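Note sheet for the following structure.
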Amino acid sequence: MSDLAGKHIVLGLSGGVAAYKAAEFCRGLVKAGATVQVVMTDAAEHFITPVTMQALSGRPVYTSQWDAREGNNMPHINLSREADAIVIAPASADFLAKLLHGRADDLLSLLCLARPIERVPLIVAPAMNREMYAHPATQRNLAQLRADGTVVLGVGSGDQACGETGDGRMLEPDELLEELIAHFQPKRLAGKHVLITAGPTFEAIDPVRGITNRSSGKMGFAIARAAREAGAQVTLVAGPVALPTPRGVQRVDVESAADMQRAVQASADAADVFIAAAAVADWRPASAADQKIKKDGSGAVPALAFVENPDILAGVAASARAKSGALYCVGFAAESHDLLAHAQAKRARKGVPLLVGNIGPDTFGRDHNALLLVDANGASELPRADKLSLARALMAEIARRLG
Ligand code: C5P
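Under this note's numbering, the first residue of the sequence shown is numbered 48, with each subsequent residue one higher.
This is how it looks when you write it as structure tokens:
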């Protein structure tokens with residue numbers, strides 16, 4: 048993964064128990080290709096040592112504005128100008144209050160104030176006890192920091208080091224990384240609402256059995272993440288898969304094609320783009336038994352009758368909003384051969400402006416894929432790559448077509 052290649056991050060630690068997560072986050076930044084300069088406050092040094100952070104970042108840590116290593120003796124100027132972003136994790140209640148007032152009596156707050164505000168984003172990851180987080184003073188500070196252009200990340204909820212339970216935990220290292228990577232992606236779909244289906248469907252035979260397929264949902268989930276990174280509001284209607292929800296994405300879990308269709312219909316009117324990446328079962332058992340179908344020992348097998356599932360994509364593509372161009376519909380085709388011909392035929396059959404073809408056995412369950420984009424002007428290929436890279440490229444293609 049090189050999502051942060053070429054990026055220089057100033058990672059600031061203020062005093063909080065969550066400082067231990069900053070060590071792992073630092074490692075994640077380096078693994079993602081970033082160079083990292085760690086700056087710590089006095090209070091942070093009570094929770095984790097600069098030795099750990101130096102070892103993980105590969106650079107001596109700065110802790111003082113009087114650090115004489117800088118030729119001009121101005122570490123606050125030099126460090127803030129080198130940075131592509133300044134990330135404060137953990138950001139304590141006290142440190143946030145300092146930022147709010149423009150206080151600058153230690154190196155970290157000083158370099159935040161000194162940063163070129165138009166060019167160097169300041170991203171804070173709050174971390175504190177739930178009462179401190181909920182306090183009107185903290186909430187007021189966070190609101191004002193946002194108004195001043197600071198990116199305030201959310202917090203996690205759950206058990207806290209103090210023994211209490213509630214909001215205020217710092218985000219986990221992988222969540223922080225996902226947020227930072229998203230921050231650097233171009234906002235091509237800002238203001239758009241993107242509705243996505245992903246994964247297989249499960250069609251019940253009885254309460255314990257059903258019919259499904261080998262779709263992993265990985266492509267659809269990567270598309271959801273890429274759409275959110277591109278600035279869109281994202282609704283992800285997911286069949287039964289065990290994948291984590293991309294950050295900032297609203298997920299609706301469904302089982303059957305009928306459930307999926309209902310969930311899609313509930314969101315389609317508000318959407319600007321609909322991407323049907325789910326592998327919807329073509330048929331379902333005509334009726335699902337209320338009780339488990341029992342083997343009676345006679346050797347008789349149950350006779351299953353099937354009915355066809357609704358075509359969710361074709362239904363949405365036939366709506367007035369899709370036909371007027373207000374809702375841009377994108378279909379997927381998983382084929383085993385003759386991809387171009389099948390994709391072209393499917394595009395016409397589904398009535399969608401863009402159809403994305405891929406080879407089923409090459410994509411199901413895998414982390415990589417290759418896509419063939421078929422629209423009214425012809426076909427173009429997005430060559431084999433990891434699914435997130437392909438999803439980002441697909442977002443760029445869709446944004447270009449939206450104009
Ligand atoms: O007809 P086929 O299943 O090959 O079409 C694939 C495309 O149609 C995918 O975009 C899939 O999500 C969508 N689809 C659907 N509802 C169905 C079947 C397919 O939305 N019942």
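Heads up, the beta-carbon is just placed ideally off N, CA and C, and yes, glycines get one too. Bear in mind the structure is a predicted one, so any value in this text is a computation, not a measurement.
Segment limits, alpha helix (DSSP H) that includes residue i
| i | result |
| --- | --- |
| Asp141 | 140-148 |
| Ile14 | Summary: the structure shown does not reach residue 14, with the chain confined to residues 48 through 450, and so no result is reported for it. |
| Val77 | 66-78 |
| Val98 | 97-104 |
| Thr185 | 183-194 |
| Arg166 | That residue, Arg166, is in no alpha helix (DSSP H); it is neither H nor E in DSSP. |
| Leu126 | 122-129 |
Span of the beta strand (DSSP E), counted from its first residue to its last, around residue i
| i | result |
| --- | --- |
| Ser427 | 425-433 |
| Met87 | 82-87 |
| His55 | 55-60 |
| Arg331 | 330-332 |
Where residue i falls, given that 16 or more other Cβ within 10 Å makes a residue buried
| i | result |
| --- | --- |
| Ala69 | buried |
| Pro233 | exposed |
| Ala280 | Looking at the sequence itself, residue 280 is Gln, so the reference to Ala does not match. Buried: at least 16 other Cβ atoms inside 10 Å. |
| Asn120 | exposed |
| Asn424 | exposed |
| Gly196 | exposed |
| Thr282 | buried |
| Asp153 | buried |
| Asp50 | buried |
| Ala285 | buried |
| Val241 | buried |
| Ile164 | exposed |
| Ser371 | exposed |
| Thr212 | exposed |
| Gly75 | buried |
| Ser204 | exposed |
| Gly264 | buried |
| Val351 | According to the sequence provided, residue 351 is Leu. The question's Val does not apply to it. The residue is exposed, with fewer than 16 neighbouring Cβ atoms inside 10 Å. |
| Pro254 | exposed |
| Val296 | buried |
| Ala333 | exposed |
| Gly215 | buried |
| Lys78 | exposed |
| Gly80 | exposed |
| Lys239 | buried |
| Pro220 | buried |
Cβ distance (whole Å) where residue i is taken to contact residue j below 8 Å
| i | j | result |
| --- | --- | --- |
| Ile252 | Ala335 | 6 Å |
| Ser139 | Met175 | 6 Å |
| Thr82 | Met266 | Rounded, the Cβ-Cβ distance is 32 Å, inconsistent with contact. |
| Leu419 | Leu441 | With 8 Å as the limit, Leu419 and Leu441 do not qualify as a contact, their Cβ atoms being about 11 Å apart. |
| Ser303 | Thr244 | Not a contact, Cβ separation roughly 13 Å. |
| Ala136 | Ala194 | Not a contact, Cβ separation roughly 21 Å. |
| Ala361 | Gly398 | 6 Å |
| Cys376 | Pro400 | 7 Å |
| Leu435 | Ala269 | 5 Å |
| Ala229 | Arg275 | 7 Å |
| Leu224 | Leu200 | Not really, about 11 Å apart at Cβ, beyond 8 Å. |
| Ala277 | Arg331 | Not a contact, Cβ separation roughly 34 Å. |
| Arg439 | Ala273 | 5 Å |
| Leu155 | Ser61 | 7 Å |
Enumerated in chain order, which unbroken segments of the beta strand (DSSP E) with a length of 3 residues or greater are wholly contained in the region 335-421? 353-355, 375-382, 401-406
Is it the case that the region 318-327 contacts the region 335-347, given that we only count it when at least three CB pairs across the two stretches are under 8 Å? no
contact_flag[the region 207-225, the region 53-69] where n(CB pairs < 8 Å) is 3 or more: With a cut-off of 8 Å, the region 53-69 and the region 207-225 count as touching, because enough Cβ pairs lie within range.
Any chance the region 122-137 sits against the region 147-167, with 3 or more Cβ pairs inside 8 Å? yes
Completely contained beta strand (DSSP E) runs for the region 205-292, where each covers 3 or more residues: Scanning the region 205-292 for uninterrupted beta strand (DSSP E) segments of 3 residues or longer gives 212-216, 240-245, 250-253, 256-258, 280-285, listed from N- to C-terminal end.
Listed in chain order, which residues are found with a beta carbon closer than 5 Å to a heavy atom of the ligand GTP? The ligand GTP is not part of the structure shown, which contains the ligand C5P as its ligands.
In chain order, what are the residue ranges of uninterrupted beta strand (DSSP E) at least 3 long that sit wholly in the region 296-326? Runs of the beta strand (DSSP E) spanning 3 or more residues and lying entirely within the region 296-326 occur at 296-300, 320-323, in chain order.
Do the region 400-420 and the region 369-384 touch if we need at least three Cβ pairs shorter than 8 Å? Counting C-beta pairs with one atom in each stretch, the region 400-420 and the region 369-384 have three or more that are closer than 8 Å, which means they touch.
Would you call the region 141-149 and the region 98-118 in contact, with 3 or more CB pairs under 8 Å? Output reads no: the region 98-118 does not touch the region 141-149.
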